[in-house]
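Quick notes on the structure that follows.
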Amino acid sequence: MLNKIVLGNFRYLLNDKNIKRNEDLYKFKDKEIENLKKTYINSQLFWFHFCLFLTINIIILFVITRFINFGSFVDNSLLILSIIIPFLLAYLVKKRTLKVIEDELIYRRKRRATNLFINIRAENVQS
Numbered sequence: 815m816l817n818k819i820v821l822g823n824f825r826y827l828l829n830d831k832n833i834k835r836n837e838d839l840y841k842f843k844d845k846e847i848e849n850l851k852k853t854y855i856n857s858q859l860f861w862f863h864f865c866l867f868l869t870i871n872i873i874i875l876f877v878i879t880r881f882i883n884f885g886s887f888v889d890n891s892l893l894i895l896s897i898i899i900p901f902l903l904a905y906l907v908k909k910r911t912l913k914v915i916e917d918e919l920i921y922r923r924k925r926r927a928t929n930l931f932i933n934i935r936a937e938n939v940q941s
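815 is the number of the first residue of the sequence shown in my numbering; add one for each residue after it.
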């Protein structure tokens, strides 16, 4: 009996009449897309401020080392780090944020597919 239900579900999924219904599974509502964009923008702004703060701290450190005079090598390396570190952090954060959004989209698709499959099974059991 269970095998018939499962096979019926797969036949239902593969049926031409229901292809449109299955395609809707991968479409997202505008509201959900806007929420994801807002999440991405907010995280970008947070990390932008973080990198800006870090840059300001490194520049202040650079200015302090000018007065203490550790040597030109340390001064130049601090200047280079004050330029490279924020860009590196911003790149890593952007990459991580995109990965999180991608994982969220995959999770939502799987959840919808599971819900659709459960609904189809319920319809087949009732009929």
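Virtual Cβ for every residue (Gly too), placed ideally from N, Cα, C.
Quiz prompt | Whole-angstrom C-beta distance between Leu903 and Cys865, which should lie under 8 Å | solution = Here residue 865 corresponds to residue number 51 of the sequence shown, with the count starting at 1. Here residue 903 corresponds to residue number 89 of the sequence shown, with the count starting at 1. Sure, about 5 Å apart at Cβ, within 8 Å.
Practice problem: With a cut-off of 8 Å on the beta carbons, I'd call Val914 and Trp861 a contact; round off their distance for me. | Solution: Residue 914 sits at position 100 when you count from the first residue of the sequence shown. Residue 861 sits at position 47 when you count from the first residue of the sequence shown. Between Val914 and Trp861 a beta carbon distance of about 12 Å is seen, past the 8 Å cut, so the two are scored as non-contacting.
Quiz item: Distance, Cα to Cα, Arg922 vs Ile932?
Solution: As a working mapping, residue 922 is identified with position 108 in the sequence shown. As a working mapping, residue 932 is identified with position 118 in the sequence shown. Arg922 and Ile932: Cα-Cα distance of roughly 15 Å.
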